[in-house]
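Under my numbering, read the sequence shown as residues 120 to 410, first letter to last.
Note that CB positions come from ideal geometry on N, CA and C, so glycine has one too.
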Amino acid sequence: MSLLLADILRIKEERGYSVAKLSEYSGVPIGTLQKLLRGDSVNPRKATLDALEKVLLGDEKLYPGKAYTYQMDSQPWTLNQPRVYGAERIYVEQGEFTLQEYYALPDDRRVELIDGIFYDMAAPSTLHQHIAGMVYRWISEFIEENGGECIPFISPVDVQLDRSVKTMIQPDVIIVCDPKKVKHFGIYGAPDFVLEVLSKSTKKRDITLKLMKYMEAGVKEYWAIDTDKRILIVYLVEEDAIPYIYPLKGEAGVQLYGGRLRIDLEKINRAIDRFDSLPGMEEETQQFSEK
């Protein structure tokens with residue numbers, strides 16, 4: 120199939136590719152691309168059109184960006200893990216996994232892919248989900264009332280944080296202010312705001328590895344709610360790497376909106392109290408202690 124100039128321009132615009140990005144993804148020199156897009160190249164080389172087709176006709180959900188031109192390798196997979204269903208690369212080492220393996224996993228397998236390594240994710244607790252929902256609701260109501268370009272999302276939503284083929288994560292709540300980052304498959308690039316409700320199984324990763332990834336990718340503001348210690352940890356990445364730590368009392372302002380968007384920490388604290396006192400929670404504690 121040969122792309123017409125009109126097709127190239129249309130798909131380039133739909134996917135938000137600059138000439139520089141299209142050159143990077145396809146390997147076609149910028150000068151050659153500029154001539155082609157202006158209509159100056161009457162008979163472009165077949166190799167040029169083939170390279171552009173590989174990018175522009177690729178499945179953006181499966182292979183965003185550079186992944187279109189990704190060459191499969193056959194490095195040995197030394198870990199004792201089952202083969203990833205549907206993946207063509209049977210032998211893969213931790214550190215070398217890509218979106219191909221991520222999308223080939225069974226639907227009931229919850230993982231995050233960070234720098235080519237799969238990390239299992241336990242299903243969030245009821246308290247975890249409740250708090251994430253509370254914060255998402257407050258953010259959504261504020262944005263709806265005040266307007267603007269920003270869009271809030273709640274997990275599960277895939278975030279290809281640094282636009283790398285080796286990273287795909289699922290933060291609890293995010294705000295994205297660049298509409299070009301919103302794709303059918305999820306978010307392509309760094310959100311402006313990220314909130315994680317810390318879980319016992321993921322706490323260490325959320326405040327170390329993922330924090331560093333957020334900082335490097337360009338996330339402006341990162342919040343982490345620790346329900347065990349009853350604190351809010353805030354990183355204002357553009358200001359300082361030193362966190363602000365608040366007890367779950369009063370309110371806290373989201374700096375992305377100059378502090379006008381207020382999150383009620385007192386209500387979050389009361390929600391923790393409420394869940395701790397639920398009869399079902401007590402029975403669950405006794406059940407595990409008897410085993």
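Exercise for the section: Have a look at Y221 and T321 and give me their C-alpha separation to the nearest angstrom. Expected result: Roughly 19 Å between the two C-alpha positions.
Exercise for the section: Give the single residue among T245, R379 and N388 whose Cα lies nearest to the Cα of G399. Expected result: Of T245, R379 and N388, the residue nearest in Cα terms is T245.
Problem - Nearest neighbour of D227, chosen from M240, D291 and I236 [CA to CA] - result: When each option's Cα is compared against that of D227, the closest is M240.
Exercise for the section: Count the other C-beta atoms from every protein chain shown that fall within 10 angstroms of the C-beta of I364, then say buried if there are 16 or more, exposed otherwise. Expected result: In summary, I364 is exposed, with fewer than 16 beta-carbon neighbours lying within 10 Å of its beta-carbon over all protein chains present.
Handout entry: Cut-off 6 Å between Cβ atoms - residues of its own chain near L317, not counting five sequence neighbours on either side
Key = Apart from sequence neighbours up to five positions away, the residues of its chain that approach L317 with a beta-carbon distance below 6 Å are D325, A343 and D345, ordered along the chain.
Exercise for the section: Starting from the C-beta of P275, find all residues in its chain whose C-beta is less than 6 Å away, skip the five residues before and the five after it, and write them out in chain order. Expected result: Within the same chain, P275 has close Cβ partners Q289.
Problem - Where I149 falls, given that 16 or more other Cβ within 10 Å makes a residue buried - result: Exposed.
Problem - Endpoints, alpha helix (DSSP H) assigned at V72 - result: Outside the shown range of the chain, which is 120 to 410, sits residue 72, and nothing can be said about it.
Exercise for the section: Verify whether the separation of the beta carbon atoms of S145 and K173 is less than 8 Å. Expected result: Between S145 and K173, the gap from beta carbon to beta carbon is short of 8 Å.
Practice task
Please name the residue, chosen from R229, V147 and G177, that lies closest to A242 on a Cα-to-Cα basis.
Solution key: Of the residues R229, V147 and G177, the one whose Cα lies closest to the Cα of A242 is R229.
Practice task
Quick one: give me the first and last residue of the alpha helix (DSSP H) that D325 is part of.
Solution key: Membership of D325 in the alpha helix (DSSP H) is indicated by the continuous run K322 to I326.
Handout entry: Contact under 8 Å by Cβ, G369 with E357
Key = 8 Å or more divides the Cβ of G369 from the Cβ of E357.
Problem - R381 - containing alpha helix (DSSP H), residue span - result: Where R381 is concerned, there is no enclosing alpha helix (DSSP H), although the beta strand (DSSP E) it sits in stretches over L380 to D383.
Practice task
Note the first and the last residue of the continuous alpha helix (DSSP H) segment covering I149.
Solution key: Element bounds for I149: I149 to R157.
Problem - Inter-residue spacing [alpha-carbon to alpha-carbon] between L380 and R393 - result: When rounded, the distance between both Cα atoms is 25 Å.
Exercise for the section: Pull up the distance between the alpha-carbon of G377 and that of P163, whole angstroms please. Expected result: Spanning the alpha carbons of G377 and P163 requires a straight line of approximately 51 Å.
Handout entry: L168 versus K131, K140, H303 and L123, residue with shortest Cα-Cα distance
Key = When only C-alpha atoms are compared, the closest one is L123.
Practice task
Kindly indicate the opening and closing residues of the alpha helix (DSSP H) around Y222.
Solution key: Where Y222 is concerned, the enclosing alpha helix (DSSP H) stretches over L218 to A223.
Exercise for the section: Please classify Q279: is it buried, with 16 or more other beta-carbons within 10 angstroms of its beta-carbon, or exposed? Expected result: Result: buried.
Practice task
Apply the 10 Å Cβ neighbour rule to I361 and answer buried if 16 or more other Cβ atoms are within range, or exposed otherwise.
Solution key: Using a 10 angstroms sphere on the CB of I361, the tally of other CB atoms stays under 16, which defines it as exposed.
Exercise for the section: State the Cα-Cα distance for the pair Q200 and V338, rounded to the nearest angstrom. Expected result: Its pLDDT being 42, under 50, Q200 is placed unreliably by the model, and the measurement read from it follows with that caveat. Distance from the CA atom of Q200 to the CA atom of V338, rounded to whole angstroms, is 33 Å.
Problem - Nonlocal neighbours in the same chain, by C-beta distance under 8 Å from H249, ignoring five residues either side - result: If we look at H249 and ignore the five residues flanking it on each side, its Cβ neighbours are A390 and F394.
Handout entry: Terminal residues of the alpha helix (DSSP H) in which D234 lies
Key = Element bounds for D234: n/a, residue is neither H nor E.
Problem - Same chain, Cβ closer than 6 Å to L181, neighbours up to 5 away in sequence not counted - result: Because the pLDDT at L181 is just 47, under 50, the model does not fix this residue reliably, and the value given afterwards should be weighed accordingly. If we look at L181 and ignore the five residues flanking it on each side, its Cβ neighbours are Y222.
Practice task
Just mark G308 as buried or exposed, buried being the case when its beta carbon has 16 or more other beta carbons within 10 Å.
Solution key: It counts as buried.
Handout entry: Beta-carbon proximity list for V138, same chain, < 8 Å, skipping 5 on both sides
Key = Its chain contains I149, L152, Q153 and L156 as the residues whose beta carbon lies nearer than 8 Å to that of V138, once the 5 sequence neighbours on both sides are disregarded; these appear in chain order.
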